[in-house]
Amino acid sequence: MMQQPAAGGVAPPPSMAPDQSQTHQYQQQPQSQPWMMMSQQQQGGQPVPPPTGWTPQPVPPPTQMQQYSAGSAAAGSGEIRSLWIGDLQPWMDENYLINIFAQTGEVVSAKVIRNKQTALPEGYGFIEFVSRVAAERVLQSYNGVPMPNAEQNFRLNWASLGSGEKRQEEGPEYTIFVGDLAADVSDYMLQETFKAVYPSIRGAKVVTDRTTGRSKGYGFVRFGDESEQIRAMTEMNGMYCSTRAMRIGPASNKKPVTGQPYQKGHREALILGGLELISAEMIPL
DNA sequence: GGTGAGCGC
């Protein structure tokens, strides 16, 4: 559309931080490996004021990119080049996102979704890259690692819903619930804990409080193989992840057994003549 | 202690 985030420019610091703002030291994003921890002191158990000192580092000048609109799926090729990003704090704007990924040299645009009436951020956004491979690289390297200036991890995924091609693996998924997680356990850590033993692992997610970014102490691990799910429930129960023994149980399925997420729209067109017995929303896309 | 998840405002 029209957004033109000051590329390489300076993000106007959100000047709403009350008093503790000057104690924040400026920090930059990870240079090489994103999972270098950047601990930041803030936090007394309530909503943290936005850090005033997000310093956009000198980024490579916007080349030819950045004037495209953050469209959905790629125009010509049809390939998905955008990532969905969730768990955004209100102060994490387009500049913040752009500056993080600018170092890849492959980011096209970033967009934070805001409420139409209140103009408040909805907590998620989209980042478009020059190619699907570029997006995939970012997805692999950034997902689940700490975000700059925040005590939470990147939550990234393919921007796929409604765009046809979703990164659907193959077939159903089998999920377990993992409780008693230590506070420092990340998605990545959780996944790595299982990966060595259960090759069919599809992913792991630590549930966080979106307002604080902190772990709620439990999460989920998904497998492609049901037998591995079953095994994991007994074999991994009581095993340590970080500093604490995990407690594992069955997960109530968020998704249908097919592994397909619920869709917004129904597929009326799929109802063939005489088959109205089947409700449209029961048909997996 | 507990069962995520949010897709273009």
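Per the numbering used here, residue 236 is the first one in the first sequence, and the count goes up by one each step.
Virtual Cβ for every residue (Gly too), placed ideally from N, Cα, C.
As the structure is a computational prediction, the values presented were derived from the model and not from experiment.
- Relative to residue 381, the option among 335, 313, 435, 475 whose CA is nearest is 335.
- CA-CA distance, residue 429 to residue 343, rounds to 35 angstroms.
- The C-beta distance from residue 408 to residue 360 rounds to 26 angstroms, too long to meet the 8 angstroms contact threshold.
- Of 365, 470, 389, the smallest CA-CA separation from residue 324 is found for 389.
- Residue 436: member of the beta strand (DSSP E) spanning 436–443, first to last residue.
- Residue 412 sits in a strand when the DSSP states are folded into three classes.
- By the Cβ-count criterion, residue 379 is buried, with 16 or more other Cβ atoms from all chains shown falling within 10 Å of its own Cβ.
- Across the set 472, 363, 368, the C-alpha of 363 shows the shortest separation from the C-alpha of residue 333.
- Counting only unbroken stretches of 3 or more residues, the beta strand (DSSP E) elements lying wholly within the stretch 321–372 are 342–349, 356–364, in sequence order.
- With a cutoff of 8 angstroms on beta-carbon distance, residue 341 and residue 365 are scored as near each other.
- Sequence-distant Cβ neighbours of residue 439 in its own chain, meaning closer than 6 angstroms and more than five residues away, are 422, 425, 426, 456.
- A distance of 8 angstroms or more separates the beta carbons of residue 416 and residue 473.
- Setting aside the 5 residues that flank it on each side, residue 482 is surrounded in the same chain by 414, 415, each with a C-beta closer than 6 angstroms to its C-beta; the list follows chain order.
- Relative to the Cα of residue 475, the nearest Cα in the group 372, 394, 488, 418 belongs to 418.
- Take residue 486, set aside five residues on each side of it, and the residues of its chain with a beta-carbon closer than 8 angstroms to its own are 410, 411, 412, 455, in chain order.
- The beta-bridge partner set that DSSP reports for residue 376 is empty.
- From the listed residues 477, 432, 316, 358, the smallest Cα separation to residue 420 is found for 477.
- With fewer than 16 other Cβ atoms from the protein chains shown falling within 10 Å of its own Cβ, residue 348 counts as exposed.
- If you ignore the 5 residues before and after residue 441, its C-beta comes within less than 7 angstroms of the C-beta of 416, 420, 421, 422, 425, 450, 454, all in its own chain and listed in chain order.
- Residues of the same chain with a CB within less than 7 angstroms of the CB of residue 444, apart from the 5 flanking positions on each side, are 451 in chain order.
- Excluding five sequence positions before and after residue 394, the CB atoms of its chain that fall closer than 7 angstroms to its own CB belong to 315, 317, 318, 319, 361, given in chain order.
- In chain order, 458, 459, 460, 463 place their CB closer than 6 angstroms to the CB of residue 435, counting only its own chain and leaving out the 5 sequence neighbours on each side.
- Going by beta carbons, residue 448 and residue 386 fall inside the 8 angstroms limit.
- Here DSSP, grouped into helix, strand and coil, assigns residue 315 to coil.
- For the pair residue 433 and residue 467, the CB atoms are nearer than the 8 angstroms cut-off.
- Of 375, 338, 327, the smallest CA-CA separation from residue 346 is found for 327.
- Between the alpha carbons of residue 384 and residue 465 lies a distance of about 39 angstroms.
- Contact between residue 339 and residue 373 holds, with the beta-carbon distance rounding to 6 angstroms and staying under 8 angstroms.
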